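Chains as they are written, first to last, in our numbering: chain W, 13 to 301; chain V, 4 to 225.
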């Protein structure tokens, strides 16, 4: 019970007649030599931490270690409470939660790296928003997390999820691909549609650089988590409508990896280019002598 | 744990803000703390590369100190590790060293001294996503990750020592996943590192020490 790429994953889904999340759950039990109860318990804890980190800052804003962010999730919530939001309920909630998680992360709070700390807002952001609007059970949401885990595993195995290696497209891009695939399964899509959504996200976030101000996981990381959520939602909607994608996930993942390795070092987490060297960022950071 | 688990993707559960600069730092220091008998009296951290540049903003200092006190990556006490260390009477210091450039970008040297006066220096590298490896013990090049239950035996580089170690492990039905020998020089101090499947049985350290050339044995359960 293992797969090395999306093609093999699809073949397994077909052969076993089950979802991506179910294949990933069985793989974990077999390769981890453990029981379905144990992996479910661990994933329940993951969901619990995700929910806490996505909701606490809505009422209790926290200032980041580097002082660049804090309070954004509360502002977004207040904005929506005044009925002034323009995104629609799913996206509005999803970006609020995603930005909240980054607030918690940047203030040394407890989060789940998904797949990294810098991209930890995307998966919980979208899944928790879908849960609220479409009344999805926790049990189903955990299925969504296993589905997201399958996409993230393929990215870790066949490409990279490190900003220092592949830029932000490898962090927030992969997180958004995970979220999109999970969203499609939760909304009743087939495994092919999940992978198609994941492929669409990588396509739309291709080339995104990693340029954190002051080298800290704060800014623009928090905004980019919100952007990742939006990209995931767009891709899921396109996939669920039945639109077919020319480029399959495996090929898009390999394209993302190749692009990532050609991104200059200045734009791969070193804080030597992009947003990090914009005059206002430099003035605020004061890191350089 | 030789495969990429779903909990490597959705995980680690960690105190932010960075899997490499915070969670990885906790894991390295936590491994180091398992290598020297408690209680610790003094610990000095030297930070290299990106660790040296951005450790404050990433809480790398609090993460290292929390790890050396045995906290896991998801323990909120990490935030208060300075205060907790002071309460425990553990002296600590942090020294950034930006001059060394030949090291991995996220490297730390941890010099520890326990109440019994024993000293040990451990070098760790944070590889990203909370993954780490220990690359030096007391100046000797080694290589292990702590993902497997590990035996670290310090011994003279003499014939028969490795046979003794594998015999003891075999007697306890321990399956060896990886085994490597590192030495300072021929006939000098050597480190045998055995990574095994499952959990290592109690009391195995004592049996390993029955060979006169084995000086110390450290057990790190995964």
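Ideal placement from N, C-alpha and C gives every residue a C-beta, glycine not left out. Owing to the predicted nature of the structure, the values given are computational and were not obtained by experimental measurement.
Residue span of the alpha helix (DSSP H) that contains residue i, given as start and end
i: residue 193 of chain V; result: Premise fails: residue 193 of chain V lies in the beta strand (DSSP E), 192-199, not in any alpha helix (DSSP H).
i: residue 69 of chain W; result: 48-71
i: residue 223 of chain W; result: Neither: residue 223 of chain W is in no alpha helix (DSSP H) and is coded neither H nor E.
i: residue 38 of chain W; result: 32-43
i: residue 9 of chain V; result: 9-12
i: residue 293 of chain W; result: 291-297
Pairwise C-alpha distance: residue j and residue i
i: residue 256 of chain W; j: residue 208 of chain W; result: 7 Å
i: residue 282 of chain W; j: residue 53 of chain V; result: 8 Å
i: residue 44 of chain W; j: residue 117 of chain V; result: 36 Å
i: residue 155 of chain V; j: residue 223 of chain V; result: 8 Å
i: residue 243 of chain W; j: residue 183 of chain V; result: 47 Å
i: residue 4 of chain V; j: residue 97 of chain W; result: The pLDDT assigned to residue 4 of chain V is 48, lower than 50, so where the model puts this residue is not dependable; a value taken from the coordinates is nonetheless given after this. Residue 4 of chain V and residue 97 of chain W: Cα-Cα distance of roughly 46 Å.
i: residue 54 of chain W; j: residue 292 of chain W; result: 43 Å
i: residue 253 of chain W; j: residue 213 of chain W; result: 15 Å
i: residue 206 of chain V; j: residue 165 of chain W; result: 38 Å
i: residue 33 of chain W; j: residue 20 of chain W; result: 14 Å
i: residue 64 of chain V; j: residue 17 of chain V; result: 15 Å
i: residue 5 of chain W; j: residue 271 of chain W; result: Residue coverage of chain W in this structure runs from 13 to 301, which leaves residue 5 of chain W outside it and unanswerable.
i: residue 74 of chain V; j: residue 162 of chain V; result: 39 Å
i: residue 105 of chain W; j: residue 221 of chain V; result: 50 Å
i: residue 197 of chain W; j: residue 174 of chain V; result: 49 Å
i: residue 94 of chain V; j: residue 159 of chain V; result: 32 Å
i: residue 202 of chain W; j: residue 49 of chain W; result: 26 Å
i: residue 76 of chain V; j: residue 26 of chain V; result: 5 Å
i: residue 111 of chain V; j: residue 169 of chain W; result: 27 Å
i: residue 108 of chain V; j: residue 189 of chain V; result: 31 Å
i: residue 136 of chain V; j: residue 144 of chain V; result: 12 Å
i: residue 74 of chain W; j: residue 38 of chain W; result: 39 Å
i: residue 223 of chain W; j: residue 46 of chain W; result: 40 Å
i: residue 163 of chain W; j: residue 210 of chain W; result: 8 Å
For residue i, three-class secondary structure by DSSP
i: residue 4 of chain V; result: Low local confidence applies: a pLDDT of 48 at residue 4 of chain V is under 50, so the model's placement there is unreliable, and no value is given.
i: residue 246 of chain W; result: helix
i: residue 146 of chain V; result: strand
i: residue 158 of chain V; result: strand
i: residue 168 of chain V; result: helix
i: residue 275 of chain W; result: coil
i: residue 15 of chain W; result: coil
i: residue 255 of chain W; result: coil
i: residue 213 of chain W; result: helix
i: residue 184 of chain V; result: strand
i: residue 33 of chain V; result: helix
i: residue 223 of chain V; result: strand
i: residue 283 of chain W; result: coil
i: residue 23 of chain V; result: helix
Residue i Cβ short of 7 Å to the ligand GDP heavy atom set
i: residue 184 of chain V; result: Looking for the ligand GDP in the displayed structure turns up nothing, as the structure carries no ligands at all.
Where the beta strand (DSSP E) through residue i begins and ends
i: residue 182 of chain W; result: That residue, residue 182 of chain W, is in no beta strand (DSSP E); its alpha helix (DSSP H) goes 180-198.
i: residue 178 of chain V; result: Counting along the chain, residue 178 of chain V falls outside any beta strand (DSSP E), and DSSP gives it neither H nor E.
i: residue 214 of chain V; result: From DSSP, residue 214 of chain V is part of no beta strand (DSSP E); its letter is neither H nor E.
Checklist entry - Can you give, in chain order, each stretch of the alpha helix (DSSP H) that sits fully within the segment 35-70 of chain V and has at least 4 residues? => result Whole alpha helix (DSSP H) segments, 4+ residues: 52-57.
Checklist entry - What are the start and end residues of each continuous alpha helix (DSSP H) run of 4 or more residues lying completely inside the segment 70-121 of chain W, in chain order? => result 84-93, 101-118
Checklist entry - Can you give, in chain order, each stretch of the alpha helix (DSSP H) that sits fully within the segment 72-140 of chain V and has at least 4 residues? => result 84-90
Checklist entry - Is there contact here, the segment 147-159 of chain W with the segment 40-60 of chain V, by at least three beta-carbon pairs under 8 Å? => result no
Item to check | Three or more C-beta pairs below 8 Å linking the segment 82-89 of chain W and the segment 113-120 of chain W | outcome: yes
Next on the checklist: For the pair the segment 59-66 of chain W and the segment 188-202 of chain W, tell me if three or more CB-CB distances fall below 8 Å.
Outcome noted: Touching, no, given that fewer than three Cβ pairs across the two stretches are closer than 8 Å.
Checklist entry - Is there contact here, the segment 102-113 of chain V with the segment 82-90 of chain V, by at least three beta-carbon pairs under 8 Å? => result no
Item to check | Minimum length 3: unbroken beta strand (DSSP E) runs contained in the segment 121-177 of chain W | outcome: 122-124
Checklist entry - Counting pairs of Cβ atoms below 8 Å between the segment 68-85 of chain V and the segment 145-155 of chain V, do you hit three or more? => result no
Checklist entry - Are three or more beta carbon pairs between the segment 218-235 of chain W and the segment 58-70 of chain V nearer than 8 Å? => result In the pairwise beta carbon analysis, the segment 218-235 of chain W is classified as touching the segment 58-70 of chain V: at least three pairs are separated by under 8 Å.
Checklist entry - Counting Cβ pairs, one atom from each stretch, are 3 or more of them under 8 Å apart for the segment 262-278 of chain W and the segment 132-145 of chain W? => result no
Next on the checklist: Would you call the segment 139-150 of chain W in contact with the segment 260-267 of chain W, where contact means no fewer than 3 C-beta pairs closer than 8 Å?
Outcome noted: no
Next on the checklist: Check whether the segment 183-190 of chain W and the segment 215-229 of chain W touch, using three or more Cβ-Cβ pairs below 8 Å as the test.
Outcome noted: yes
Checklist entry - Can at least three beta-carbon pairs, one atom from the segment 138-146 of chain W and one from the segment 35-44 of chain V, be found at a separation below 8 Å? => result no
Item to check | the segment 284-298 of chain W contacting the segment 22-36 of chain V, beta-carbon criterion three pairs below 8 Å | outcome: Output reads no: the segment 22-36 of chain V does not touch the segment 284-298 of chain W.
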